[in-house]
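Report on the structure given below.
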Amino acid sequence: MKILDIGSLNIDRVYSVDHFVKEGETISADRLEFFNGGKGLNQSIACAKAGAEVIHAGAVGRDGTFLIQLLKDSGVHADDVQVLDEPSGHAVIQLTPGGQNCIIISHGANFCLKEEYIDRMLEKCDPGDLLLLQNEVNNLAYAMTQAKKRGMKIAFNASPITDAIASCPLQLVDYFLVNETEGSYLSSLQEGSSPEILAALHAKFPQAVIVLTVGSDGVLYQEGDTVLSHPAYRVHAVDTTGAGDTFTGFFLAGVCKGLDAQECLRVASLAAARAVTIKGAANSIPDWNEMEDFAKQFAEKKGKG
Ligand code: RIB
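Using my numbering, you'd call the opening residue of the sequence shown number 1 and step up by one each time.
Structure below.
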């Protein structure tokens, strides 16, 4: 099973700040750094580093061709990423000393994907392959419909939440990977605990596997009547940007490798924990073979109490 990720590629401008800027306020950044990002690019790299075969589809401007090279260097098939006469997508990220972020996206080339291009990329796939989508490119509904016609499975990380999601045929989705905010929106549950959100998502999309990340409380999972959970690994957070993407990539790579669901949750949680200890999005994604060493450190720490 291979993965086709039709997703964003961004240049992340990360401003280190004391606190997030408030309405009417002007603040100074301690530092500005540039990182490689975009939920699509991050997730493709995570899938590839975790050992899955991944094709990336998307678009950059001439200022972003280095992002295509990064995908290739990370083991992603990226020959068909388009270079367009548009600025590349970028993100303006405020990063606090506690590692929390808030993000503004400028879509740029990410929103210039034509139906013909999506068709051409889907032709590279076989029935049973996985289409991976996030909500940072245009034409999502078209991609979902066409992929399903070809017998592909669909994984949707419904992030960030925008009105575009309402026009997507979500009943076609096989895997939802969402946080609590996204899960509440998709399930139409205004308020509720994480188990209630999980139950509401399962009731609305009984055909799908639901993976609901709940921050420092870990992750919940439901497939049919099977409900699983995994705690989050405790680490010193330097930068949470891209941690969710790392989780998604490692989880789906585990699925492609035929790991059982509990093991997929374990490796994805480990990889996400590792990612938050390093600044930046794409560059904080670990290799698969780092995971067991990382896990050993946890076992040692636990032993020492
Ligand atoms: O999920 C993190 C990503 O969101 C960043 O890399 C940024 O580009 C935004 O797309």
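For every residue, glycine included, the Cβ atom is placed at its ideal position computed from N, Cα and C.
First and last residue of the uninterrupted beta strand (DSSP E) at residue i
{"i": "R13", "result": "10 to 16"}
Rounded separation between residue i and residue j - CA only
{"i": "V227", "j": "K153", "result": "21 Å"}
{"i": "D287", "j": "G7", "result": "21 Å"}
{"i": "V214", "j": "E136", "result": "22 Å"}
{"i": "G305", "j": "A299", "result": "With a pLDDT of 43 at G305, under the threshold of 50, the modelled position of that residue is not reliable, and no figure is offered here."}
{"i": "Q146", "j": "A29", "result": "44 Å"}
{"i": "R120", "j": "M291", "result": "35 Å"}
{"i": "S16", "j": "Q100", "result": "10 Å"}
{"i": "E123", "j": "I55", "result": "12 Å"}
{"i": "L212", "j": "A199", "result": "11 Å"}
{"i": "A243", "j": "A268", "result": "10 Å"}
{"i": "G128", "j": "K149", "result": "11 Å"}
{"i": "Q94", "j": "T277", "result": "17 Å"}
{"i": "N138", "j": "H77", "result": "21 Å"}
{"i": "L132", "j": "D18", "result": "35 Å"}
{"i": "L4", "j": "A272", "result": "21 Å"}
{"i": "F294", "j": "Y233", "result": "10 Å"}
{"i": "A143", "j": "V81", "result": "16 Å"}
{"i": "E23", "j": "Q207", "result": "42 Å"}
{"i": "G75", "j": "S44", "result": "9 Å"}
{"i": "S284", "j": "R13", "result": "15 Å"}
{"i": "D225", "j": "F66", "result": "45 Å"}
Residues bridged to residue i (per DSSP)
{"i": "N157", "result": "Q134"}
{"i": "C102", "result": "Q94"}
{"i": "G89", "result": "N10"}
The alpha helix (DSSP H) enclosing residue i, as first and last residue numbers
{"i": "D177", "result": "Note that residue 177 corresponds to Leu in the displayed sequence, not to Asp. Not the alpha helix (DSSP H): L177 falls in the beta strand (DSSP E), residues 175 to 179."}
{"i": "I118", "result": "115 to 122"}
{"i": "T145", "result": "140 to 149"}
Chain C within 8 Å of residue i, Cβ atoms only
{"i": "C47", "result": "Structure shown: chain C not included; a single protein chain is present."}
Residue ranges of each beta strand (DSSP E) within the region 4 to 85, 3 or longer
10 to 16, 31 to 37, 54 to 57, 59 to 61, 82 to 84
Could you tell me which uninterrupted alpha helix (DSSP H) segments, each at least 4 residues in length, are contained entirely in the region 180 to 265, listed from first to last along the chain?
180 to 187, 194 to 204, 243 to 256
Does the region 199 to 210 touch the region 170 to 187, meaning 3 or more C-beta pairs lie closer than 8 Å?
yes
Meets three-Cβ-pair contact criterion under 8 Å: the region 18 to 37 and the region 159 to 169:
no
Give a yes or no on contact between the region 34 to 53 and the region 246 to 262, applying the rule of three or more CB pairs nearer than 8 Å.
yes
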